[in-house]
Amino acid sequence: PSGIFYHVDTVGTGTAINNLCSTLSLTYRGTYFGGTAAFDSTTGTSLATFQLGQVIVGLQDGLPFIKSGGQITIYIPPTLGYGATAVTNNSGAVVIPGNSDLIFTVRLYGVQ
Numbered sequence: 201p202s203g204i205f206y207h208v209d210t211v212g213t214g215t216a217i218n219n220l221c222s223t224l225s226l227t228y229r230g231t232y233f234g235g236t237a238a239f240d241s242t243t244g245t246s247l248a249t250f251q252l253g254q255v256i257v258g259l260q261d262g263l264p265f266i267k268s269g270g271q272i273t274i275y276i277p278p279t280l281g282y283g284a285t286a287v288t289n290n291s292g293a294v295v296i297p298g299n300s301d302l303i304f305t306v307r308l309y310g311v312q
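What follows is the structure, given as structure tokens:
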């Protein structure tokens, strides 16, 4: 009902995500629909760590479907991503065009 589509690759057997204040450690790869090049991702074995409430709504809605040790692919429409506003880098170059449909593949390593 939220507007995302998702595929749980592995549910995981560890700690569940309880709320928007949960701190997550994970790896991810973000691409566009039909695209193979990533617009953002973690590198190698390095983990990203952040609170669930600090990410786009599409990830907030999708990540609680897995537990620590799980992996999910989430398909996010623009209304639950960055909307009509383009995302730019520090140089002002557009990294994510406005109204982009996004795909995130996420492996969750830890929940606090």
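Everything in the sequence shown is counted per our numbering, starting at 201 for the first residue and increasing by one.
Think of the CB as a built atom: it goes at the ideal place given N, C-alpha and C, for glycine as much as any other residue.
From a predicted model like this one, the values you see are computed outputs, not experimental measurements.
query	result
How many Å lie between Tyr-174 and Leu-252 at the Cα?	With the chain running from 201 to 312 in the structure shown, residue 174 is simply not present.
If the criterion is Cβ atoms closer than 8 Å, does the pair Ile-266 and Leu-224 meet it?	no
Going by alpha carbons, who is nearest to Gly-284 out of Ser-268, Tyr-275, Tyr-232 and Asn-299?	For the record, residue 284 in the displayed sequence is Ala; it is not Gly. Answer by Cα proximity: Asn-299.
Classify Asp-209 as helix, strand or coil using the three-state DSSP reduction.	strand
Should Val-311 be labelled buried (16 or more other beta-carbon atoms within 10 Å of its own) or exposed?	buried
If Asp-240 sits next to Ile-204, beta carbons under 8 Å apart, how far is it from one beta carbon to the other, in whole angstroms?	Rounded, the Cβ-Cβ distance is 18 Å, inconsistent with contact.
In whole angstroms, what separates the C-alpha of Asp-209 from that of Pro-297?	28 Å
Considering Cα atoms alone, identify which of Thr-279, Phe-233 and Leu-247 is closest to Gly-378.	Residue 378 falls outside the range modelled here, since the chain spans only 201 to 312, and no answer is possible.
Which residue from Gln-254, Val-287 and Gly-269 puts its Cα closest to that of Leu-220?	Gln-254
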